[in-house]
Ligand SMILES: Cc1cc2nc3c(=O)[nH]c(=O)nc-3n(C[C@H](O)[C@H](O)[C@H](O)COP(=O)(O)OP(=O)(O)OC[C@H]3O[C@@H](n4cnc5c(N)ncnc54)[C@H](O)[C@@H]3O)c2cc1C
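Laid out in C-alpha cells, this is it:
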C-alpha cells in the first residue's frame, strides 16, 4: 500500500499514475481534494525553466482522455508588453523555451489586437507562444480524484495525517485522525504543511507559506485564445467568458495563518484590477464579481523539491514552490517513478533534491524578507 499525504494536484496526480499502473494507493486529505492552492490557482501550464517542461507539454493535450473528465485545458499563451522593458523580459523568457525547440513569435500592435480587441491601439507589442496553456484548476483536481477512484484507489477526505510509524529505517504506517494505516511507501505532498510534517521525523524541508489572490470579472465575449498574460499579471479566460487573474504581491504568513484562505476585497485585488485595466484599457468598465485567496508553498530558491529520502528510505517528499498546477501531470508521473524505482527515467531531477538546502541558515526566511508583516 502506498500512502499519499495531501489531496492537492501533486498528490492526486501521483495517485493517478500509480493506480493507473495497478498499484494500491490510499490518499489522505485533511479537508477535501483540491480545496487549497490546487483548486485556487491561475491555471497556468507553462513552465519552460523546469526539467519537467517537455513532459508538461507532452501530457496536457492528453489529460482529458487519460482522466476521463474535462480539465478545460487550452493550448498556447499570448503575451502583452506595454513597453520595451516588458518586451525584453518576454523575449528572455521565450528564449528558454525556444532553446528547447519550442516556437514563439513576436506580434506587433495590429496583430495583437486581432487576438485581443481590448488592448490599446498603441500597445507596444507582444508574443504568441506556440506552447504552454491553461486549464481549470477545480475541474482538474476533481478529474484526478474521479480517475483515481475509478482505477481502484482510495481517497480519505477529512482525514489528517499526524505522523509516521517507523521501523528499521522505513515508514511502516501513517498515523491519522482515523487511526493507523499500514504502508509500504509514503509520499508527503502536503503543500505548505510539508515542512512541519517532515520535521516530525527529523527531515528539514524549508517552505514558506504566502497568500496570493485571484480576481474574476463578469463574463466577456470569448477570445480565440483565452490565455493572456502581461503587465505583471497572469490568468485565463474561463469557458463562460470571465477573466480570472492573479499576480502578487505575496503576503508572507506563518503556518497558523495559512490554515484558512480568506476571500475579500483586498489591496491585492485592487492592484490586480489596476494592472488588468492598464493591459486592457477598453475593459475599464468591467466589474469584478469574485476573488479568493490561496496559500502558495515557497522554497528558498523558488524551485520544487522532489526527492526520495534515504532515511526513512521509503518516504518521498514533494513541494512545488508555486508552479505545481501546470506541472502536475508530469510531476505525478515523475513521483510515481521515484516512489517505485527511486529514479525518474524521463527527466533529470538532480537539481530538485532536498540536499541543496543542506547549508541553509535557520533564519533564511528573515534573510530573504519572507516573514509576515
Ligand atoms: C493564487 C494562486 C495562483 C497560482 N497560479 C498558478 C499557476 O497559474 N500555475 C501553476 O502551475 N501554479 C500556480 N499556483 C501554485 C499551485 O497552485 C501550487 O504549486 C500547487 O497547487 C501545489 O499543489 P500541492 O498538491 O503540492 O499542494 P496543495 O494544493 O497545497 O495541496 C496540499 C494538500 O495537503 C493537505 N494537507 C496538509 N496537511 C495535511 C495533513 N496533515 N494531512 C492530510 N492532508 C494534509 C491540504 O489540505 C492540501 O489539500 C498558484 C497558487 C495560488 C495560491
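Numbering (our numbering), first residue to last: 2 to 374.
From the three backbone atoms N, C-alpha and C, an ideal C-beta is built for every residue, glycine too.
Source: prediction; values computed, not measured.
Buried or exposed: which applies to residue i, given that a residue is buried once 16 or more other Cβ atoms fall within 10 Å of its Cβ?
i	result
residue 1	The structure shown does not extend to residue 1, since the chain spans only 2 to 374, so no value can be given for it.
residue 329	buried
residue 31	buried
residue 268	exposed
residue 37	buried
residue 346	exposed
residue 131	exposed
residue 178	exposed
residue 187	buried
residue 193	buried
residue 364	exposed
residue 1	Nothing about residue 1 can be read from this structure; the chain reaches only from 2 to 374.
Kindly list the residues whose CB is nearer than 6 Å to the CB of residue i, restricted to its own chain and excluding five residues on each side of it in sequence; keep chain order.
i	result
residue 45	135, 235 and 327
residue 279	232
residue 360	none
Residues in its own chain within less than 8 Å of residue i by CB, not counting five upstream and five downstream?
i	result
residue 33	8, 158 and 159
residue 101	49, 54 and 55
Can you find the residues in the same chain that come closer than 7 Å, C-beta to C-beta, to residue i, ignoring five residues on each side of it along the sequence?
i	result
residue 88	82, 125 and 126
residue 121	282
residue 145	10, 13, 14, 17 and 68
residue 372	253 and 366
By the DSSP assignment, the alpha helix (DSSP H) with residue i in it spans what residues?
i	result
residue 177	Element bounds for residue 177: not the alpha helix (DSSP H) but the beta strand (DSSP E), 171-177.
residue 191	Neither: residue 191 is in no alpha helix (DSSP H) and is coded neither H nor E.
If we call anything under 8 Å between Cβ atoms a contact, is residue i one with residue j?
i	j	result
residue 297	residue 320	no
residue 254	residue 301	no
residue 339	residue 304	no
residue 5	residue 16	yes
residue 244	residue 277	yes
residue 75	residue 242	no
residue 289	residue 270	yes
residue 317	residue 155	no
residue 348	residue 335	yes
May I have the straight-line CA-CA distance separating residue i from residue j, to the nearest angstrom?
i	j	result
residue 47	residue 54	8 Å
residue 92	residue 58	20 Å
residue 248	residue 214	7 Å
residue 191	residue 18	18 Å
residue 143	residue 238	20 Å
residue 199	residue 189	8 Å
residue 313	residue 170	5 Å
residue 344	residue 217	40 Å
residue 98	residue 219	33 Å
residue 240	residue 73	8 Å
Residue i lies in the beta strand (DSSP E); which residues open and close that run?
i	result
residue 81	75-82
residue 4	3-6
residue 130	126-135
residue 216	209-218
residue 234	From DSSP, residue 234 is part of no beta strand (DSSP E); its letter is neither H nor E.
Shorter than 8 Å from the beta carbon of residue i to some beta carbon of chain C?
i	result
residue 13	Annotation note: the requested chain C is absent from the structure, which comprises a single protein chain.
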